[in-house]
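Only one structure is covered here, and it is reproduced in the block below.
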Amino acid sequence: MSAQYLDVPVLPTDVAFGLLADFDADQDPKKVSLIAGAYRDEKGLPWILPSVKQVTDPRSHHEYLDIAGSPVFLNIARSLVFGTELAESWNVASIQAVSGTGANHLGASFLAKHLKPQHVFIPDPTWVNHKTVWAVAAPEVAQREYPYYDPKTRSIKFADMLSTLDIDAQPNDVVILQACAHNPTGLDLTRDQWKQLADLALKKKLFVLFDSAYQGFATGNVEDDAWSVRYFTEHLLSSPDPDQRIPGLCVAQSFSKNFGLYGERVGALHLVAPSDVSIQGAKSQLSLIARAEYSNPPRFGAQIVQTVLTDPRLREQWQQDLNTMSSRIMGMRKQLRTRLEDLATPGDWSHIESQIGMFSYTGLSKEHVNKLKEEYHIYLMPSGRASLCGLNEGNVDYVARCISKVVKEV
Numbered sequence: 001m002s003a004q005y006l007d008v009p010v011l012p013t014d015v016a017f018g019l020l021a022d023f024d025a026d027q028d029p030k031k032v033s034l035i036a037g038a039y040r041d042e043k044g045l046p047w048i049l050p051s052v053k054q055v056t057d058p059r060s061h062h063e064y065l066d067i068a069g070s071p072v073f074l075n076i077a078r079s080l081v082f083g084t085e086l087a088e089s090w091n092v093a094s095i096q097a098v099s100g101t102g103a104n105h106l107g108a109s110f111l112a113k114h115l116k117p118q119h120v121f122i123p124d125p126t127w128v129n130h131k132t133v134w135a136v137a138a139p140e141v142a143q144r145e146y147p148y149y150d151p152k153t154r155s156i157k158f159a160d161m162l163s164t165l166d167i168d169a170q171p172n173d174v175v176i177l178q179a180c181a182h183n184p185t186g187l188d189l190t191r192d193q194w195k196q197l198a199d200l201a202l203k204k205k206l207f208v209l210f211d212s213a214y215q216g217f218a219t220g221n222v223e224d225d226a227w228s229v230r231y232f233t234e235h236l237l238s239s240p241d242p243d244q245r246i247p248g249l250c251v252a253q254s255f256s257k258n259f260g261l262y263g264e265r266v267g268a269l270h271l272v273a274p275s276d277v278s279i280q281g282a283k284s285q286l287s288l289i290a291r292a293e294y295s296n297p298p299r300f301g302a303q304i305v306q307t308v309l310t311d312p313r314l315r316e317q318w319q320q321d322l323n324t325m326s327s328r329i330m331g332m333r334k335q336l337r338t339r340l341e342d343l344a345t346p347g348d349w350s351h352i353e354s355q356i357g358m359f360s361y362t363g364l365s366k367e368h369v370n371k372l373k374e375e376y377h378i379y380l381m382p383s384g385r386a387s388l389c390g391l392n393e394g395n396v397d398y399v400a401r402c403i404s405k406v407v408k409e410v
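Per full-length UniProt numbering, the sequence shown runs over residues 1 to 410.
In structure tokens:
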């Protein structure tokens, strides 16, 4: 029958966007959204960064960009994540992408076709879209999870992570790592742990894919937040001996969070290869994928980013903007923890303050989360992940009281 192709199952609504739709439909005046990783100001409103507000360019137009994107933007994006010296001296192919999701998708598509890994190793837990991206872009690559978070100790399961990768990973397998401000746990590896993981990647000859969505939100300093990427690049790809280096690495870079350009879809994919290997073929293949999927990347947001980062005055303002956002989130962490403890809420809540970035892995159960939504109109992810961007002076007391009630009752 001609319509038989339509006889397919209806897939579940995306969890995060389904919750956002529920929140938008909720008429309760006390409702609080702790769902999306989108920064909000003290009044709970979207915040346009002052550095972004000041961008006015009379030369702006709406012509097509090259398939690979704006060369100026790509140079700046590459320097931001690798540092100027590494960006100029290393063998890097960069292509503008439709934000971080698009960069991950380009990377998965390219690696599945040309690296041909047996597995992609994804942290447990991780950003909800990692698995979907690889399932759609590279269905032939088997997905495996590696342990990342221990809910009992609320710490990283580092020994288990190393053991799993050491035992199960094969040469050329891809391992996804979040560069900083891990989503959803808010827990990053220490520098010593990064070094141990780099040693293992070298031993196993793994291809590393860094997801860099929150540069500037872990420490408030973009240089410190790029340390892991730079360390892996310098130490795992510098040797002329193929036995003393990994096959390569990618960085999927997003400017949605650190520029507040969520709807403009600004991002890049950077592929780093050993210096004695030509990267031009890889860049042409990435451009072919982009041409088939969306042809040309969006211009407007990328132009904002390149204008801010090439103007010393605006760049300094942008650094201040990052400090404003990261400092306010850290302040909300402290306030939420203090209020929960003042209310004698059962359990240890110190992790809320010690975690970093936009998110807190609260430790609340699905039952807690459902009760918060249904009875108090407070929305979190089912995993208990809370976007602390949604907290402010006007609602933190309410949120703390409701969490305390729910924990005591359930």
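All C-beta atoms in this analysis are idealised placements derived from N, C-alpha and C, irrespective of residue type, glycine included. This structure is a prediction, so every number in the text was calculated from the model and none was measured.
Cβ-Cβ separation between G186 and L322: approximately 17 Å, too far for a contact (criterion under 8 Å).
Remark: C-beta atoms of L249 and F207 approach each other more closely than 8 Å. Residue environment for R40: buried (at least 16 other C-beta atoms within 10 angstroms of its C-beta). Rounded to whole angstroms, the separation of the alpha carbons of K195 and D24 is 44 Å. If you check the CB distance, P382 and K366 come in under 8 Å. Using a C-beta cut-off of 8 Å, the stretch 338-347 makes no contact with the stretch 105-117, since fewer than three inter-stretch Cβ pairs fall below that distance. Selection K53, R191, H119 and A181 evaluated against P171 yields H119 as nearest (Cα-Cα). In chain order, K157 place their CB closer than 7 Å to the CB of D150, counting only its own chain and leaving out the 5 sequence neighbours on each side. Residue state for Q143 is assigned as strand, using DSSP reduced to three classes. For the 8 Å CB-CB criterion, G347 and V406 do not form a contact. Remark: C-beta atoms of D168 and E145 do not approach each other more closely than 8 Å. Counting along the chain, F110 sits inside no beta strand (DSSP E); it lies in the alpha helix (DSSP H) bounded by residues S99 to H114. Taking each of D166, T190 and P139 in turn and checking the Cα distance to S155, the smallest one comes out for T190. Within the DSSP secondary-structure output, H270 pairs in a beta bridge with S94 and V251. Pairing V52 with I304 gives a Cβ-Cβ distance under 8 Å. Take G83, set aside five residues on each side of it, and the residues of its chain with a beta-carbon closer than 8 Å to its own are E223, A226 and R230, in chain order. Contact between L380 and I329 fails: their C-beta atoms lie close to 16 Å from each other, not under 8 Å. Residue pairing by DSSP places R40 opposite P46 in a beta bridge. DSSP places F207 outside any alpha helix (DSSP H); the residue lies instead in the beta strand (DSSP E), whose first and last residues are F207 to S212. Straight-line spacing of the CA atoms in Q355 and S327 works out to 13 Å. Going by C-alpha positions, A36 is about 35 Å away from N91.
Distance from the CA atom of L271 to the CA atom of S70, rounded to whole angstroms, is 17 Å. Distance check between V277 and each of V141, P247, R299 and E374 places P247 closest, using alpha-carbon atoms only. Around the Cβ of Y148, a 10 Å sphere holds 16 or more other Cβ atoms; the residue is buried. Put simply, of N183, S89 and E88 the residue whose alpha carbon is nearest the alpha carbon of I122 is N183. In summary, R291 is exposed, with fewer than 16 beta-carbon neighbours lying within 10 Å of its beta-carbon over all protein chains present. The three-state reading of DSSP puts Y379 in strand, counting E and B together.
With fewer than 16 other Cβ atoms inside 10 Å of its own Cβ, I48 counts as exposed. Taken atom to atom, the span from the alpha-carbon of L314 to that of R78 is near 19 Å. With at least 16 other beta carbons inside 10 angstroms of its own, Q335 counts as buried.
Nearest to T324 by C-alpha distance, out of I378, A273, S350 and M358, is M358.
At the C-beta level, G384 and L364 come within 8 Å of one another.
Around the beta-carbon of T233, 16 or more other beta-carbon atoms lie within 10 Å, marking it buried.
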